[in-house]
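Below is one structure, written out as structure tokens; the observations come after it.
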Amino acid sequence: MKPVKIGLCGLGTVGGGTFNVLRENAVEIAARAQAPLEISLVGARRDNPLCDLSTTRVTRDIFDVARDEDVDIVVELIGGTTVARELVETAIRNGKHIVTANKALIAEHGNEIFALAAEHGVAVRYEAAVAGGIPIIKALREGLAGNRIEWLAGIINGTGNFILSEMREHGREFSDVLAEAQALGYAEADPTFDVEGIDAAHKLVILASLAFGIPLQFESVYTEGITRLTPQDMDYAEELGYRVKHLGVAKQSDAGVELRVHPTLIPKERLLANVNGVKNAVLVEGSAVGPTLYYGAGAGAAPTASAVVADLVDLARDISAEQENRVPSLSVTDDALRDLPIVPMADVVTPWYLRIEAEDKPGVLSKVATILSDLGISIEAIIQKAPPPGATRVPVIVLTSHAAQGKVDEAVARMEALDSISSSISRIRVEELDG
Ligand SMILES: NC(=O)c1ccc[n+]([C@@H]2O[C@H](COP(=O)([O-])OP(=O)(O)OC[C@H]3O[C@@H](n4cnc5c(N)ncnc54)[C@H](O)[C@@H]3O)[C@@H](O)[C@H]2O)c1
Ligand SMILES: N[C@@H](CCO)C(=O)O
Ligand code: NA
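Numbering of the sequence shown is given in the numbering used here, commencing with residue 686 and proceeding in unit increments.
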């Protein structure tokens, strides 16, 4: 059997993991790919002590890989959107197929990259870009192809979920857990991408495109990270029967598509509420199948390599097929993509958790209730805590029924304008996730 020749660019966490998984599982991989997958050339700034490169050709210039005559598939694992984009486009122009783990690149430049690949008759695969080792791209693109996807909701950033889990379970400091996630190779080169929700937004936009057949539109995602969550809010949520998780949510309705990434209260008994550490999970509601859940490691060397190698096996099988006989990059061909409106956040309806710091005197609760009821927002639950020692204000926690964000914004502005209420009401959306 003629080997399929791979050019590996980047030998960091994921590149090193991919190199080793290809070596360690070579027999199984060759049987499945119906050809040996041979690492023909590695492009890396420096060697990785975890990889034995003694029998491998290595170049310090990754563009050598994109142009190498011997290479069939270029694997881009350097990250970022500038050099990585140039590398991928150069490789495509040289007739190479592409495998990448780079969600920023696909989310921000995927439309152009897929078009260029189609023009040159090559394929681009990116399973590792979303939810690490979980085969969620393949599930949406192929396994669920018979469904209209109604909505999906996922914990899609391993670093953020690791931080929230450690804070809740062990009372650890945010910065301390983030440093550990970086040391373990989970975090992005710029970890603000993880904690400010940007990485999750990159992933959500990819999932939404596959689910709804719409072009990639990263700029349309509402993005909120986990940096403003407080241990108090996590504790009060628990008391009310919820857990705080950072979710990416995409929903399709008559009004259009909701694309949003933010912290969320989830009922404690839901499976997603119990996904901890670096694990990711994506819940997908299909019209025919109902809810399905995909769970596994969302980051790390070997789990991410598992997804990169799966793409390589798929491509090895597909390599001799004509472009039109391959699975399209975004599940449907370009001309079948739909132009659906994005629902403005002011119109997005969810229940809300509000933490209001109020003066401990009569009449304040009734003012809160009046403001909410004037705007047609009902109260599902309300708890008033004892004031912390020495504090002049008491936390009042309100759970509302379903309310549009625009109404809640107005209610919060009216409450914050009162002298008896402090000017920073904490608010978190609630997702019941009853699929
Ligand atoms: N770490 C994870 O768990 C994980 C999971 C899924 C996806 N990803 C994605 O995989 C990609 C790689 O992430 P990583 O965690 O392996 O990063 P990393 O920093 O560990 O590795 C990147 C490597 O690329 C090399 N590199 C960068 N620019 C280069 C250049 N111009 N020439 C040669 N080498 C260059 C760096 O020296 C480094 O060794 C990113 O797109 C990331 O978003 C990472
Ligand atoms: N930094 C990412 C890597 C996986 O995409 C995460 O923590 O989820
Ligand atoms: Na994946």
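The beta carbon of each residue, even a glycine, is placed where N, CA and C say it ideally should be.
Host alpha helix (DSSP H) of residue i (start-end)
| i | result |
| --- | --- |
| valine 628 | Here the chain covers residues 686 to 1120 and nothing more, so residue 628 does not appear. |
| threonine 1085 | Not the alpha helix (DSSP H): threonine 1085 falls in the beta strand (DSSP E), residues 1078–1085. |
| threonine 785 | Segment 782–785 is the beta strand (DSSP E) holding threonine 785; no alpha helix (DSSP H) there. |
| glutamate 1042 | Note, glutamate 1042: premise wrong, no alpha helix (DSSP H); beta strand (DSSP E) at 1037–1044. |
| glutamate 771 | 768–778 |
| glutamate 709 | 698–709 |
| serine 860 | 859–868 |
| isoleucine 899 | Careful: isoleucine 899 lies outside any alpha helix (DSSP H) and carries neither H nor E. |
| threonine 1200 | Shown here, the chain extends from 686 to 1120; a query on residue 1200 therefore has no answer. |
| valine 880 | 877–880 |
| isoleucine 747 | 747–752 |
CA-to-CA distance, residue j to residue i, given in whole angstroms
| i | j | result |
| --- | --- | --- |
| cysteine 694 | tyrosine 921 | 47 Å |
| valine 993 | glycine 971 | 26 Å |
| isoleucine 822 | glycine 1048 | 53 Å |
| glutamate 723 | proline 688 | 6 Å |
| glutamine 937 | isoleucine 834 | 8 Å |
| alanine 802 | asparagine 961 | 37 Å |
| lysine 788 | glycine 818 | 14 Å |
| aspartate 1020 | glutamate 1007 | 18 Å |
| leucine 849 | alanine 866 | 12 Å |
| valine 1097 | lysine 1052 | 12 Å |
| threonine 1085 | aspartate 1045 | 22 Å |
| lysine 964 | threonine 989 | 12 Å |
| glutamate 1009 | histidine 931 | 38 Å |
| valine 858 | glutamine 719 | Inspection of the sequence shows that residue 858 is occupied by glutamate rather than by valine. Each residue's Cα considered, the two are about 49 Å apart. |
| glutamate 1065 | valine 1083 | 8 Å |
| lysine 781 | isoleucine 758 | 5 Å |
| isoleucine 714 | isoleucine 1027 | 41 Å |
| histidine 887 | alanine 808 | 20 Å |
| glutamate 904 | glycine 933 | 15 Å |
| arginine 708 | valine 760 | 15 Å |
| threonine 703 | alanine 986 | 8 Å |
| glutamate 943 | tryptophan 836 | 9 Å |
| asparagine 796 | leucine 978 | 28 Å |
| leucine 997 | valine 784 | 7 Å |
| valine 706 | arginine 717 | 14 Å |
| glycine 1123 | aspartate 1119 | The question about residue 1123 has no answer here: the residues shown for the chain are numbered 686 through 1120. |
| valine 727 | valine 743 | 5 Å |
| glycine 765 | leucine 696 | 14 Å |
Burial state of residue i, where buried means 16 or more other Cβ atoms lie within 10 Å
| i | result |
| --- | --- |
| serine 1125 | Given that the chain is displayed from residue 686 to residue 1120, the structure contains no residue 1125 and the question cannot be resolved. |
| glycine 856 | exposed |
| aspartate 939 | exposed |
| serine 1016 | buried |
| alanine 830 | exposed |
| glycine 700 | buried |
| glycine 843 | buried |
| glycine 839 | buried |
| aspartate 918 | buried |
| serine 725 | buried |
| isoleucine 951 | buried |
| arginine 1023 | exposed |
| threonine 1077 | exposed |
| valine 906 | buried |
Three-way DSSP call (helix, strand, coil) for residue i in this model
| i | result |
| --- | --- |
| threonine 915 | coil |
| lysine 1052 | helix |
| arginine 730 | coil |
| glycine 981 | strand |
| proline 948 | strand |
| serine 894 | helix |
| alanine 838 | strand |
| asparagine 959 | helix |
| glutamine 1008 | helix |
| alanine 966 | strand |
| leucine 722 | strand |
| tyrosine 811 | coil |
| glutamate 761 | strand |
| leucine 1060 | coil |
| glycine 818 | coil |
| asparagine 941 | As written in the sequence, residue 941 is glycine, which differs from the asparagine given in the question. Reduced to three states, the DSSP call for glycine 941 is strand. |
| glycine 975 | strand |
Where the beta strand (DSSP E) containing residue i begins and where it ends
| i | result |
| --- | --- |
| lysine 690 | 689–694 |
| lysine 788 | No beta strand (DSSP E) holds lysine 788; the alpha helix (DSSP H) holding it covers 788–804. |
| proline 988 | That residue, proline 988, is in no beta strand (DSSP E); its alpha helix (DSSP H) goes 986–1003. |
| glutamine 1069 | 1064–1069 |
| glycine 845 | It is not in any beta strand (DSSP E) - glycine 845 instead sits in the alpha helix (DSSP H) that spans 843–855. |
| serine 1109 | Per DSSP, serine 1109 belongs to no beta strand (DSSP E) and is neither H nor E. |
| valine 934 | 927–938 |
Check your reading: residues with Cβ closer than 6 Å to ligand 2 heavy atoms: In chain order, the hits are Gly817, Asn842, Gly843, Thr844, Tyr871, Ala872, Glu873, Asp879, Asp884, Gly983 and Ala984.
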